[in-house]
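Reading through the structure tokens given below for one structure.
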Amino acid sequence: MQNSSSVRLLRRAALGCAVAVSFALAGVGAGTSASAATGAGAQAAPVGAPSASIAYSAATYGRTVALTFDDGPGPFTGQVLDLLARYHAQATFCQIGNQAAANSTLVKRILADGHRLCDHTVDHPQPMGTLPHATQVHEITAAKEMISKAGGPGTRIRWFRAPGGDFSPENRRIAVQDGLRPLGWTVDPRDWSRPGAASIVATVKRELRPGGVVLMHDGGGNRSQTVAALRELLPWMTRQGYRFSLPAS
Ligand SMILES: [Zn+2]
Numbered sequence: 001m002q003n004s005s006s007v008r009l010l011r012r013a014a015l016g017c018a019v020a021v022s023f024a025l026a027g028v029g030a031g032t033s034a035s036a037a038t039g040a041g042a043q044a045a046p047v048g049a050p051s052a053s054i055a056y057s058a059a060t061y062g063r064t065v066a067l068t069f070d071d072g073p074g075p076f077t078g079q080v081l082d083l084l085a086r087y088h089a090q091a092t093f094c095q096i097g098n099q100a101a102a103n104s105t106l107v108k109r110i111l112a113d114g115h116r117l118c119d120h121t122v123d124h125p126q127p128m129g130t131l132p133h134a135t136q137v138h139e140i141t142a143a144k145e146m147i148s149k150a151g152g153p154g155t156r157i158r159w160f161r162a163p164g165g166d167f168s169p170e171n172r173r174i175a176v177q178d179g180l181r182p183l184g185w186t187v188d189p190r191d192w193s194r195p196g197a198a199s200i201v202a203t204v205k206r207e208l209r210p211g212g213v214v215l216m217h218d219g220g221g222n223r224s225q226t227v228a229a230l231r232e233l234l235p236w237m238t239r240q241g242y243r244f245s246l247p248a249s
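Numbering (UniProt numbering), first residue to last: 1 to 249.
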């Protein structure tokens with residue numbers, strides 16, 4: 001990943017994720033988080049810990065796509081799961097700890113359907129990088145515990161996605177020490193901003209490349225446009241020969 005691409009992605013990231021508790025400061029942190037994240041490859045990590053680098057690709061090679069859904073679980077998660085099941089598509093759900101705790105039945109269904117979970121903090125603070133260290137530790141470690149508890153015994157969480165993509169050396173290090181690899185994305189159709197299902201579909205069709213990671217949202221507001229777009233995108237991906245994969249871990 002070239003730095004310029006990373007910066008572009010992260011700038012997009014800082015603008016690309018909304019939730020009820022979000023602040024209007026996302027754009028302010030974009031430049032800082034981008035430069036910090038791209039310069040943070042040499043963090044010390046415990047033995048056996050996942051990579052601290054941000055995953056930007058599907059785990060398997062070839063014509064694969066890793067679908068990711070953020071900010072849930074919530075009222076639209078069931079419809080997303082129904083569609084994924086219809087197309088035998090595996091996905092990763094980046095969950096907010098509070099949402100997981102309040103919707104444990106959905107967390108269990110996500111796991112039962114064969115999907116994976118990602119830690120998206122307790123309550124989605126933005127920008128995350130300005131919080132005291134102890135608060136950032138709590139946001140990541142407590143969310144992991146909340147999601148794990150909601151999922152039940154044996155629940156495994158492998159990834160961490162910072163709210164709004166606001167990755168920093170600090171939150172990446174915290175995540176890695178908790179056994180979580182930072183998870184980015186390569187395609188952001190900005191579905192959270194409700195640009196219309198047609199726009200979501202068009203962006204994904206235009207920007208998806210083999211091995212890509214697609215960001216969409218099953219939580220954080222009315223996601224009927226996301227569901228409608230997914231209804232079109234899943235058969236399109238299948239027709240295009242894409243296989244559904246998990247992110248690189
Ligand atoms: Zn989010």
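Just so it is clear, CB atoms sit at the ideal spot from N, CA and C, and this is done for glycine as well.
For this session: Compute every distance between the C-beta of P235 and the non-hydrogen atoms of ligand 1, then say whether any falls below 8 Å.
Result: Reading the sequence shown from its first residue, position 235 is the one you call residue 235. The answer is no for P235.
Problem set entry | C-alpha distance - C118 paired with A162, whole-angstrom precision | Translated into positions along the sequence shown, residue 118 becomes position 118. Translated into positions along the sequence shown, residue 162 becomes position 162. If I take the Cα positions, the gap works out to 10 Å.
For this session: Quick one: grab the DSSP three-state call for D82.
Result: Here residue 82 is taken as the residue at index 82 of the sequence shown, counted from 1. Correct three-state label for D82: helix.
Exercise. Which term fits G29, buried or exposed, when burial requires 16 or more other beta carbons within 10 angstroms of its beta carbon?
Worked result: Walking along the sequence shown from the start, residue 29 turns up at place 29. Residue placement at G29 is poorly supported in this model, since its pLDDT is 31, which falls under 50; the coordinates still yield a value, given next. The residue is buried, with at least 16 neighbouring Cβ atoms inside 10 Å.
For this session: In the DSSP assignment, find the unbroken beta strand (DSSP E) run with L117 in it and report its ends.
Result: Within the sequence shown, numbered from 1, the residue matching residue 117 stands at position 117. Its beta strand (DSSP E) spans residues 116-119.
Exercise. Does at least one heavy atom of ligand 1 sit under 8 Å from the Cβ of R243?
Worked result: Walking along the sequence shown from the start, residue 243 turns up at place 243. No, ligand 1 has no heavy atom inside 8 Å of this Cβ.
Problem set entry | Cβ neighbours of V65 in the same chain (closer than 7 Å, five flanking residues each side left out) | The count along the sequence shown starts at 1 and reaches residue 65 at position 65. Taken in chain order, the residues that qualify are A58, L208, G212, V214, M237, Y242, F244, S245.
Exercise. Is P182 near ligand 1, with its Cβ less than 8 Å from a heavy atom?
Worked result: On the sequence shown, residue 182 is found 182 positions in, with the first residue counted as 1. The answer is no for P182.
For this session: Kindly indicate which residue of P195, D178, L131, V107 has the alpha-carbon position closest to the one of V47.
Result: Taking the sequence shown and counting its residues from 1, one reaches residue 47 at position 47. Closest option to V47, Cα to Cα, is D178.
Problem set entry | Continuous alpha helix (DSSP H) assignments of at least 4 residues falling wholly in the stretch 150-211 | 169-177, 197-207
Problem set entry | Start-end ranges of the beta strand (DSSP E) lying completely within the stretch 207-241, minimum 3 residues | 212-217
Exercise. Can the beta-carbon of G154 be found closer than 9 Å to that of I110?
Worked result: Working through the sequence shown from its first residue, we reach residue 154 at position 154. Working through the sequence shown from its first residue, we reach residue 110 at position 110. Cβ atoms of G154 and I110: not closer than 9 Å.
For this session: Whole angstroms is fine: what's the gap from S168's alpha carbon to P127's?
Result: Here the question's residue 168 lines up with position 168 in the sequence shown. Here the question's residue 127 lines up with position 127 in the sequence shown. Cα to Cα, S168 sits roughly 10 Å from P127.
For this session: Within its chain, find whatever has a CB closer than 6 Å to the CB of D218; leave out the 5 residues flanking it on each side and keep chain order.
Result: Residue 218 sits at position 218 when you count from the first residue of the sequence shown. The answer, listed in chain order, is F69, G72, F76, T77, V80.
For this session: Report yes if the C-beta distance between K67 and M216 is below 9 Å; otherwise report no.
Result: What you label residue 67 is simply residue 67 of the sequence shown in a count that begins at 1. What you label residue 216 is simply residue 216 of the sequence shown in a count that begins at 1. The sequence as given places Leu at residue 67; Lys does not occur at that position. For L67 and M216, yes; Cβs fall inside 9 Å.
For this session: Would you identify the three-state DSSP class for R243, choosing helix, strand or coil?
Result: Start at 1 with the first residue of the sequence shown, and residue 243 comes out as number 243. Of the three classes helix, strand and coil, the one that applies to R243 here is strand, per DSSP.
Problem set entry | C-beta atoms of P210 and G62 nearer than 9 Å | For the purposes of this step, residue 210 is identified with residue 210 of the sequence shown, where counting begins at 1. For the purposes of this step, residue 62 is identified with residue 62 of the sequence shown, where counting begins at 1. Their beta carbons are under 9 Å apart, which means P210 touches G62 by this criterion.
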